[in-house]
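Beneath this line is the structure, given in structure tokens, with notes to follow.
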Amino acid sequence: KDSSNFCEFCGYDLAQYRKSIQQGISNISESDIEKVYGKTKEVIERATKLAKKGGPFDAFLKRIKVLISLLKDYKSKEYREVPWRVIAAVVFAILYFINPFDIIPDFIPGIGYIDDIAVIAFIFASIEVELKKYAKWKGIELE
């Protein structure tokens, strides 16, 4: 068994994890945008609370803010130079973060948000080219 294919924190199979994320993204619909859009304030509040812990949570907050900004600009039709798969990935990432019963339940002290950070990092990396275009258009820094 190759240990590099498993999460060092939770032991989860990373190939299966990626497949689950991609499957989740493919199931996102326009109605999910509305669901997430209505929770953006709550998402920012939760991410801000986590960012106070420092370390990876600080970068996590910055990434969440960029994803929400992109979603808002897409929804308001101010920015449409982005493929649907990118918007679906953004929506999936935010839905995953607000779901307390994901792979590692969020209420487990110390590790409950590890998988949320991993999902956001994976999605951020997978749509990085599009995020760079958006950041340039918006005049913001990604990191």
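Using our numbering, the letters of the sequence shown correspond one by one to residues 1 to 143.
We treat Cβ as the ideally placed atom computed from N, Cα and C, and that holds for glycine.
Computed from a predicted structure; not experimentally measured.
**Message:** Does LEU50 come out as helix, strand or coil in the three-state DSSP assignment?
**Reply:** helix
**Request:** Out of GLY24, ALA89 and VAL66, state which residue places its alpha-carbon closest to the alpha-carbon of ALA47.
**Result:** VAL66
**Request:** State buried or exposed for VAL43, treating a residue as buried only when at least 16 other CB atoms are found within 10 Å of its CB.
**Result:** buried
**Straight-line gap, ILE68 to THR40 (C-alpha atoms, nearest Å)** = 7 angstroms
**Asked** If ILE120 and ARG63 are in contact, beta carbons under 8 angstroms, what's the gap, nearest whole angstrom?
**Response** 5 angstroms
**Request:** Mind checking which residues open and close the alpha helix (DSSP H) that includes ILE87?
**Result:** 84 to 98
**Asked** When burial is assigned at 16 or more other CB atoms within 10 Å of the CB, is VAL90 buried or exposed?
**Response** Buried.
**Message:** On the CB-based measure, 16 or more other CB atoms within 10 Å of its CB, does VAL36 come out buried or exposed?
**Reply:** When all chains shown are included, VAL36 counts as buried.
**Asked** Buried or exposed: which applies to ALA125, given that a residue is buried once 16 or more other Cβ atoms fall within 10 Å of its Cβ?
**Response** exposed
**Prompt:** Cα-Cα, which of ALA135, SER31, GLU143 and GLY139 is closest to GLU75?
**Reply:** Reading the sequence as shown, one finds Lys at residue 75 and not Glu. Here the closest residue by C-alpha is SER31.
**Prompt:** Around the Cβ of ILE127, are there at least 16 other Cβ atoms within 10 angstroms (buried) or fewer (exposed)?
**Reply:** Answer is buried; the Cβ neighbour count reaches 16.
**Item:** Contacts around LEU71, its chain only, beta-carbon distance under 6 angstroms, and the 5 residues preceding and following it disregarded
**Value:** Here the set comprises VAL90.
**Request:** Ignore the nearest five residues each way along the sequence and tell me which others in SER29's own chain have a CB closer than 8 angstroms to its CB.
**Result:** none
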